[in-house]
């Protein structure tokens, strides 16, 4: 008999967190994302406009502050993930929020002294805040019971809807009322609001939830190693670890599910990830995967590419549409371009009302396929010509496509690290690094590519990239479907074999009873 696994000590803080408190924290994270999205839109509009006119700047340099903002965001993702692993979420989240406030204040100060250099440095300081805020959807999923995770992601993304008004409209009105400082005053206010919201999040309970999942996974991995060494099937120790995790996280309706096996529809099923700990059965078929194996697995690469490709494609089209409207219709079309972008932003975030239900009905991979198909359709609308109605329809459909592709792929990534909870920060960091880096590249290169290639070839370039993204999503969904079919067939065959063996044993027992000598006189 194999040696018993070491006892698992699971923190009890997670058990005391009812669902209402979890939902409150999810809403706080959603409000934080609203502030971040608002700050981003103010950054794109107000900072770029200021860079074109401030001392030391000019039209040729007007996109440099936003480009450095994006570069800083991409560079901060993995260091932030490592810091969160070492010191916890709260210190990192609060630190980057303070950097955001400092950067906004420096941008305001640059109007009076410092000029373009100080403006650019202020924009750069706000990049890490944006990169960490991209992680809010994953934090919300960790606050959630397993069945609520897709909806938690949708809630956070949905909270970006007010940013369509809060960001562009407040900045525009403030700029008109208090030129030229009004937009930066709004930016400072938004960054301060973000800090206050993050201070209200119950980070201690989130740490307890994460610790419960890590402890369960560690106990299950230890049991797997013990069983492998002794030639036994994993069992008791893993069952104890899973039971401890269940006790710490509560019932399925209120537990954290940090170590839970996610719904197969979430994606990422099969393959190497069948080695996940199952809290219902407490079985682990293989030890913890390495970072290399995890990040190079198709169950991670495909949804990470979908997240990054949908975000970069949407951003490129959004950033080129406004200037193209003004170029083709004249400066009087400024308000029209703002309305088109606002409608696009609403299209990006409003589907959060029902995207979680769609994921539950058809699964995360098929939701991503649907989103990529909408991205293709929105891209194709741009072939309709240079007209406000074409831009409006194209931007709205592209926004809808981005939402379903991005949220579906994010839910699939949650399923990946739910199976390996101790790897979640690295998985999240790798995902957001890819997203922000490719998005920054798309935003920075879009004007130059459109100018060099011409409008129709530029649209055709993104049509081809979105088509490739659709094929990636379709292959990912098909692979997951085939893996589930094979797993179901294997389970059915195993059940049938077990039933046949039981029938054979019963028949043998009956025959033995008939052949046995009869008692009597």
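Residue numbers (our numbering): 139 to 659.
No residue lacks a Cβ here, since even glycine has one placed at the ideal position from N, Cα and C.
Comparing alpha-carbon positions, which option in the options lies nearest residue i?
| i | options | result |
| --- | --- | --- |
| residue 511 | 635, 604, 196, 242 | 604 |
| residue 561 | 181, 304, 349, 330 | 349 |
| residue 343 | 602, 163, 567, 574 | 163 |
| residue 550 | 635, 444, 464 | 444 |
| residue 539 | 354, 450, 446, 508 | 508 |
| residue 181 | 205, 158, 593, 340 | 205 |
| residue 176 | 314, 300, 294 | 300 |
| residue 333 | 233, 295, 261 | 233 |
| residue 513 | 450, 237, 641, 476 | 450 |
| residue 612 | 351, 502, 272, 345 | 502 |
| residue 548 | 569, 236, 523 | 569 |
| residue 179 | 608, 261, 505 | 261 |
| residue 563 | 183, 199, 230, 600 | 230 |
| residue 593 | 556, 518, 606, 555 | 518 |
| residue 293 | 500, 495, 585 | 495 |
| residue 235 | 245, 315, 326 | 326 |
| residue 602 | 448, 354, 630 | 448 |
| residue 505 | 618, 474, 527 | 618 |
| residue 316 | 354, 249, 298 | 249 |
| residue 599 | 609, 588, 357 | 588 |
| residue 197 | 585, 251, 345 | 585 |
| residue 347 | 565, 291, 157 | 157 |
| residue 238 | 192, 331, 468 | 331 |
| residue 183 | 528, 480, 161 | 480 |
| residue 465 | 525, 520, 428 | 525 |
| residue 475 | 429, 500, 528, 430 | 528 |
| residue 273 | 500, 228, 314 | 228 |
| residue 252 | 620, 160, 193 | 193 |
| residue 345 | 468, 165, 155, 247 | 155 |
| residue 318 | 428, 608, 185, 467 | 185 |
Can you tell me where the alpha helix (DSSP H) holding residue i begins and where it ends?
| i | result |
| --- | --- |
| residue 266 | 265–271 |
| residue 179 | 157–180 |
| residue 510 | 502–519 |
| residue 338 | 320–338 |
| residue 447 | 436–467 |
| residue 291 | 287–296 |
| residue 190 | 186–191 |
| residue 492 | Segment: none, residue 492 is in no alpha helix (DSSP H) and carries neither H nor E. |
| residue 299 | It is not in any alpha helix (DSSP H) - residue 299 carries neither H nor E in the DSSP assignment. |
| residue 432 | 429–433 |
| residue 525 | Segment: none, residue 525 is in no alpha helix (DSSP H) and carries neither H nor E. |
Taking a contact to mean a Cβ-Cβ separation below 8 angstroms, would you say residue i touches residue j in this structure?
| i | j | result |
| --- | --- | --- |
| residue 256 | residue 188 | no |
| residue 276 | residue 441 | no |
| residue 259 | residue 195 | no |
| residue 329 | residue 242 | yes |
| residue 478 | residue 530 | yes |
| residue 280 | residue 432 | no |
| residue 485 | residue 534 | yes |
| residue 456 | residue 435 | no |
| residue 113 | residue 201 | Given a span of 139 to 659 for the chain in the structure shown, any question on residue 113 remains unanswerable. |
| residue 167 | residue 304 | no |
| residue 498 | residue 288 | yes |
| residue 335 | residue 487 | no |
| residue 215 | residue 567 | yes |
| residue 573 | residue 454 | no |
| residue 226 | residue 341 | yes |
| residue 537 | residue 452 | yes |
| residue 463 | residue 520 | no |
| residue 278 | residue 291 | yes |
The ligand COA and residue i: does the residue's C-beta get closer than 7 angstroms to at least one heavy atom of that ligand?
| i | result |
| --- | --- |
| residue 601 | The ligand COA is absent from the structure shown, which contains no ligand whatsoever. |
Within 8 angstroms of any Cβ in chain D, is that where the Cβ of residue i sits?
| i | result |
| --- | --- |
| residue 480 | Here chain D cannot be found, since the structure has a single protein chain. |
Under 8 angstroms: do the stretch 534–546 and the stretch 168–176 share three or more Cβ pairs, one atom per stretch? no
Taking the runs of the alpha helix (DSSP H) that are 4 residues or longer, which of them lie wholly in the stretch 225–261? 227–248
Could you tell me which uninterrupted alpha helix (DSSP H) segments, each at least 4 residues in length, are contained entirely in the stretch 542–590, listed from first to last along the chain? none
Assess contact between the stretch 209–223 and the stretch 284–293, defined as three or more Cβ pairs (one per stretch) separated by less than 8 angstroms. Is contact present? no
Three or more beta-carbon pairs under 8 angstroms between the stretch 487–499 and the stretch 578–585, yes or no? no
Give a yes or no on contact between the stretch 264–280 and the stretch 203–215, applying the rule of three or more CB pairs nearer than 8 angstroms. yes
Count Cβ pairs between the stretch 301–309 and the stretch 321–328 that sit closer than 8 angstroms; are there 3 or more? yes
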